[in-house]
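K.L.:
Before I ask anything, let me first share the structure, which is written out below as structure tokens.
Residue numbers (my numbering): 48 to 311.
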């Protein structure tokens, strides 16, 4: 159901049961999947690929040109997965020649006033709380939570199931399965509550805690800690996920923020 006061370019591909409220603009070269609701005063620009059963609230701007002086008008897109909610005044910019796309996965919640810059790749089930600001080229794994008003430096990687406290300045990579807080942003323990909510059992969580004891609490440098984890701990999907993340980290990972007495 499309309101007569909405503008929909005749070349836009909009599924039959999409609702577009008044005063929204849908440009050409836009695809919108079944069951999606586009609220009033939403702007969806060229290159947007929006999945099924999404909700996009007033004031959001999807697929605007990247805020990058190197951008030369190349053809790029924004991809938004099924069942994702984008709240008021969110801005998501198209990609550049780096990845040619910006991606937000399935079942994500992007709260009000979030900015997602060019070439960011977000996994599934990601939650970005109010006013989170992502610079360009950031990678965010599945089930990540980033607290409100946090700002993330360009090219940072955030591992799966990580939780970052509100108001954080994220300058380094954040490994999988952990909590990160304080200033400067530091390791604050394993995200055990979040992991239990997602079905991890006690043995899995204990294994993850052992990994991070090697990485942060045994006094080893990161290179020696990686070698020890690989040699001394049994291979598990979680261990391998951490090792893979560490090997692909380019900015370096956050440091330890716990003393031995605070070990979690």
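Heads up, the beta-carbon is just placed ideally off N, CA and C, and yes, glycines get one too. Computed from a predicted model, the values in this text were never measured in an experiment.
1) Does DSSP classify residue 295 as helix, strand or coil?
2) Between residue 302 and the rest of its own chain, which residues show a CB-CB distance below 6 Å, the 5 nearest in sequence each way excluded?
3) Cα separation between residue 154 and residue 133?
4) Run the CB neighbour count on residue 249, radius 10 Å, all protein chains shown included, and call it buried at 16 or more, exposed below.
5) To the nearest angstrom, how far is the alpha carbon of residue 262 from that of residue 272?
6) DSSP state of residue 125, grouped into three classes?
7) Would you kindly work out how many angstroms separate the C-alpha atoms of residue 245 and residue 238, rounded to a whole number?
8) Tell me, which residues are paired with residue 192 by DSSP?
9) Under a Cβ-count criterion, where at least 16 other Cβ atoms within 10 Å of its own Cβ denotes burial, should residue 188 be classed as buried or exposed?
10) With a floor of 4 residues, list each alpha helix (DSSP H) that falls wholly inside the segment 91-176, ordered by position along the chain.
11) Could you tell me which uninterrupted alpha helix (DSSP H) segments, each at least 4 residues in length, are contained entirely in the segment 212-248, listed from first to last along the chain?
12) Should residue 166 be labelled buried (16 or more other beta-carbon atoms within 10 Å of its own) or exposed?
13) With residue 163 and residue 127 assumed to form a contact (beta carbons below 8 Å), what rounded beta-carbon distance in angstroms separates them?
14) Output needed for residue 288: all residues of its chain with C-beta closer than 6 Å, excluding positions within five of it in sequence on either side, in chain order.
15) Mind checking whether the beta-carbon of residue 165 lies closer than 7 Å to any heavy atom of the ligand SAH?
16) Are the beta-carbon atoms of residue 212 and residue 221 separated by less than 8 Å?
17) Do residue 89 and residue 71 count as a contact pair if the criterion is CB distance below 8 Å?
18) Expressed to the nearest angstrom, what Euclidean distance is found between the alpha-carbon atoms of residue 79 and residue 292?
19) With H, G and I counted as helix, E and B as strand and the rest as coil, what does DSSP make of residue 289?
20) Between which two residues does the alpha helix (DSSP H) carrying residue 76 extend?
21) Between the beta-carbon of residue 229 and the beta-carbon of residue 304, is there less than 8 Å?
22) Taking the alpha carbon of residue 282 as the point to measure from, which residue in 131, 297 and 255 has its own alpha carbon closest?
23) Here's the rule I'm using: 16 or more other beta-carbon atoms within 10 Å means buried, otherwise exposed. How should residue 117 be labelled?
24) With DSSP as the reference, please indicate the residues paired to residue 187 in a beta bridge.
25) List in chain order: all unbroken alpha helix (DSSP H) runs of 4+ residues lying wholly within the segment 248-285.
P.N.:
Straight from the coordinates:
1) As a first step, residue 295 must be located in the chain shown, where it is residue number 248. In the structure shown, residue 295 sits in a helix (DSSP, three-state: H, G or I).
2) Taking the chain shown and counting its residues from 1, one reaches residue 302 at position 255. Its chain contains 233 as the residues whose beta carbon lies nearer than 6 Å to that of residue 302, once the 5 sequence neighbours on both sides are disregarded; these appear in chain order.
3) For the purposes of this step, residue 154 is identified with residue 107 of the chain shown, where counting begins at 1. For the purposes of this step, residue 133 is identified with residue 86 of the chain shown, where counting begins at 1. Spanning the two alpha carbons is a distance of roughly 10 Å.
4) On the chain shown, position 202 is the one that residue 249 refers to. Exposed.
5) Within the chain shown, residue 262 is the residue found at index 215, counting from 1. Within the chain shown, residue 272 is the residue found at index 225, counting from 1. Between the C-alpha atoms of residue 262 and residue 272 there is a straight-line separation of about 5 Å.
6) Stepping through the chain shown from its first residue, residue 125 is reached at position 78. In the structure shown, residue 125 sits in a strand (DSSP, three-state: E or B).
7) What you label residue 245 is simply residue 198 of the chain shown in a count that begins at 1. What you label residue 238 is simply residue 191 of the chain shown in a count that begins at 1. Their backbone Cα atoms lie some 11 Å apart in a straight line.
8) What you label residue 192 is simply residue 145 of the chain shown in a count that begins at 1. Its beta-bridge partners are 174 and 210.
9) Here residue 188 refers to the residue found at position 141 of the chain shown. Buried, by the Cβ-count rule.
10) The segment 91-176 contains no whole alpha helix (DSSP H) run of 4 or more residues.
11) The segment 212-248 contains these whole alpha helix (DSSP H) runs: 239-244.
12) As a position in the chain shown, residue 166 is number 119, starting the count at 1. Around the CB of residue 166, 16 or more other CB atoms lie within 10 Å, so the residue is classed as buried.
13) Within the chain shown, the letter at position 116 stands for residue 163. Within the chain shown, the letter at position 80 stands for residue 127. About 10 Å separates the two Cβ atoms, so there is no contact after all.
14) For the purposes of this step, residue 288 is taken as the residue at position 241 of the chain shown. Apart from sequence neighbours up to five positions away, the residues of its chain that approach residue 288 with a beta-carbon distance below 6 Å are 223, ordered along the chain.
15) As presented, the structure is devoid of all ligands, the ligand SAH included, so that no description of it is given.
16) For the purposes of this step, residue 212 is identified with residue 165 of the chain shown, where counting begins at 1. For the purposes of this step, residue 221 is identified with residue 174 of the chain shown, where counting begins at 1. Residue 221 sits away from residue 212, with the two beta carbons spaced by 8 Å or more.
17) Numbered from its first residue, the chain shown carries residue 71 at position 24. Numbered from its first residue, the chain shown carries residue 89 at position 42. Yes. Within cutoff.
18) For the purposes of this step, residue 79 is identified with residue 32 of the chain shown, where counting begins at 1. For the purposes of this step, residue 292 is identified with residue 245 of the chain shown, where counting begins at 1. Rounded to the nearest whole angstrom, the CA to CA distance from residue 79 to residue 292 is 33 Å.
19) Here residue 289 refers to the residue found at position 242 when the chain shown is read from its first residue. Correct three-state label for residue 289: helix.
20) Numbered from 1 along the chain shown, position 29 holds the residue referred to as residue 76. No alpha helix (DSSP H) holds residue 76; DSSP gives it neither H nor E.
21) Translated into the one-based positions of the chain shown, residue 229 becomes position 182. Translated into the one-based positions of the chain shown, residue 304 becomes position 257. Cβ atoms of residue 229 and residue 304: closer than 8 Å.
22) Start at 1 with the first residue of the chain shown, and residue 282 comes out as number 235. Taking only the C-alpha atoms, the option nearest residue 282 is 255.
23) Sequence index remark: in the chain shown, residue 117 carries index 70 (1-based). In the assembly as shown, residue 117 is an exposed residue. Its beta-carbon has fewer than 16 other beta-carbons within 10 Å.
24) On the chain shown, residue 187 is found 140 positions in, with the first residue counted as 1. Looking at the DSSP assignment, residue 187 forms a beta bridge with 169 and 205.
25) Annotation note: the segment 248-285 contains the following uninterrupted alpha helix (DSSP H) runs of length 4 or greater, listed N- to C-terminal: 249-259 and 269-279.
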